[in-house]
Amino acid sequence: MIFNKYGNNYNIIGKKLKDIRVEKNISQDVLSNKLALLGITLYQSDIHKIETNRRTVRDFELWGICKVLEIKSEDLYSPESIK
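The sequence shown lines up with residues 1 to 83 when you count with the working numbering.
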């Protein structure tokens, strides 16, 4: 399956996701486990790939990430990510 990239990245939320996750003191493993409780399978390695812009993010994954981190989806977008 071929995915379109934005610039050279598969997503534009990776850096902010990592920043917010670290700020809230939540490890990638804990985030993965909390997503599993919502029925969303995202392994620690998937989260790492998202944070390093090497994996796309599905809409239900974005919803789950926001629910677990208690943020709005807009919080994951930074001005420099949308150029």
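Just so you know, even glycine gets a beta-carbon here, dropped at the ideal spot from N, CA and C.
Since the structure is predicted, the reported quantities are computational estimates derived from the model, not experimental observations.
Quick check: the Cα distance between residue i and residue j, rounded to an integer number of angstroms?
i	j	result
Phe60	Asn25	23 angstroms
Ser45	Val30	12 angstroms
Arg21	Arg55	17 angstroms
Gly7	Gln28	25 angstroms
Val57	Asn11	7 angstroms
Ala36	Ile65	11 angstroms
Lys72	Glu23	15 angstroms
Can you list, in chain order, the residues of its chain with a C-beta nearer than 7 angstroms to that of residue i? Leave out the 5 residues immediately preceding and following it.
i	result
Asn53	Asn9, Tyr10, Asn11, Gly14
Lys49	Arg55
Let's see if you can read the secondary structure: which residues bound the alpha helix (DSSP H) around residue i?
i	result
Ser45	44 to 51
Asp29	28 to 37
Ile40	That residue, Ile40, is in no alpha helix (DSSP H); it is neither H nor E in DSSP.
Arg21	14 to 23
Excluding sequence positions up to five away, which residues of its chain have a Cβ less than 6 angstroms from the Cβ of residue i?
i	result
Lys16	Leu76, Ser78
Lys34	Val68
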